[in-house]
Structures are given as structure tokens and as C-alpha cells.
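Heads up: the protein sequence lines correspond to chains A and B, in order.
If you're matching positions, the first sequence starts at 5 in the numbering used here and goes up one per residue.
If you're matching positions, the second sequence starts at 3 in the numbering used here and goes up one per residue.
Built from N, CA and C at the ideal position, the CB exists for glycine as well.
Model, not experiment: these values are computed from the prediction.
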Amino acid sequence: KAGVTQTPRYLIKTRGQQVTLSCSPISGHRSVSWYQQTPGQGLQFLFEYFSETQRNKGNFPGRFSGRQFSNSRSEMNVSTLELGDSALYLCASRVSENTEAFFGQGTRLTVV
Amino acid sequence: GENVEQHPSTLSVQEGDSAVIKCTYSDSASNYFPWYKQELGKRPQLIIDIRSNVGEKKDQRIAVTLNKTAKHFSLHITETQPEDSAVYFCAAPGGSQGNLIFGKGTKLSVKP
């Protein structure tokens, strides 16, 4: 079956702009989590969605938001971009808690 | 909330030696502990996981041990090979529905 798909793969944005990233989970997976990966900081948890509801949220400012659609596809939005938002954004889907999380290939965001 | 500490941040071994990576967690209710491997430029992938009802699990050259009393778990790789070179992440459930919280990663280098 198809894996987790993230689009776009690469983005270059200017400070102050906003950006929307997309994640299509594995068919049948209702949980989608988002992570920010930067060198030295590992995988920092942003939020998790399950059946269109945000279940958990990490310690990120309100500029970071997300949503999940009825087909489990998820989007993440970052408004008023800052240079420090440059990172690899990964999403992961899983069937339920305490099961394997499958990662997408990520979206590399560069803010200039 | 859950806090996961991972050590060491870098580890260099000779081919054929063993490698050990250790993680501690804070939430005593956590009951699922996966390990992910991320090769350069690729997405993280699950290599092994353990649940709280067992103390050790092996899969060929890889093993994970869990000490619930001390709240720590470790990854053991025996007979290391150059293709084991990657960044390894441990994780534990955080939040009310168990979203995964990751350690900051260990960069393992296996020298031929």
C-alpha cells in the first residue's frame, strides 16, 4: 500500500509570509502527527490529529496550526514566518496509539 | 508532560563492536517504547519497539531492554556494520492519548 506522502518536498519563503504543508496518511490510519526536525534538536512534536480533532499539542507558538479532513489528510500552517522556522517538517501516521508510526519524506522549509 | 532524554548524542565504534544507546523517560504511565533509525536524507523508520509487559526484545543484531522501575530503556546493536551508521531516536508516549515524544537522537558512526 502507499506510504505517507507529504507535499511539497521543498519550499522557500520570505519572512512574514505564511505557508501550508500537506500530509496524506496511509489508508486506514486516522492519527496524523507533525514534527519539526532541526539539527541538534531532534524531532520536536507539534501536534497530533485523530478523526479531525486535535488531540495533543506541543510547545510551539500559535503561529503553528493544523487541521485534519474527513479523509484523514492533514495540513499544517505556519503564519508570519521567521528565519528560525527553517526546518524539515515531518508528518507521521499510525493506526492508533502504541503502534508503529510511519513517517513521510518531509517538507524542507527554508525561510529567507 | 513526558520528557525523553537520550545519550550519547554521538557515538563512534569500530566495525564489529557493539553500540549501546540509552534513554530515560519521566512519565511512569508510559507503556510503549519504539526506536527509529534515520539514514542521511531519509525518513525515520521503526527498527524495534518494546512494550512495558516485557523486559527485553531481540531482533537479530538489535535488542532493546526496558527497566520500568528506573524509567530507562536502551538499544543494543551487536556486530556493528558500516550500514548501521545513522541517527537513532528513542521515543515514549506523551500526552493524554500517547503521542510520541522523541529523544534528541544519537549519531552512530561505524568505522570500517
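One Cα belongs to G62 of chain A, the other to I16 of chain A, and the distance between them is close to 24 Å. From the listed residues B:S30, B:R63 and B:Q47, the smallest Cα separation to G18 of chain B is found for B:R63. Remark: C-beta atoms of A96 of chain A and Y53 of chain A do not approach each other more closely than 9 Å.
DSSP, read as helix, strand or coil, puts D51 of chain B in strand. In summary, D89 of chain A is buried, with 16 or more beta-carbon neighbours lying within 10 Å of its beta-carbon over all protein chains present.
Rounded to whole angstroms, the gap between the alpha carbons of H74 of chain B and G107 of chain B is 15 Å.
Residues of the region 23-47 of chain B with a C-beta atom less than 9 Å from some C-beta of chain A are N33, Y34, P36, Y38, Q40, K44, R45, P46 and Q47, listed in chain order. One alpha carbon belongs to W37 of chain B, the other to L13 of chain B, and they sit about 16 Å apart.
Taken through DSSP and simplified to helix, strand or coil, L87 of chain A comes out as helix. Contact between V6 of chain B and Y27 of chain B holds: their C-beta atoms lie close to 5 Å from each other, under 8 Å. Of the other Cβ atoms in all chains shown, fewer than 16 fall within 10 Å of the Cβ of L42 of chain B; this residue is therefore exposed. I50 of chain B places its beta carbon 9 Å or farther from that of L68 of chain B.
In this structure K39 of chain B is buried. Its beta-carbon is surrounded by 16 or more other beta-carbon atoms within 10 angstroms.
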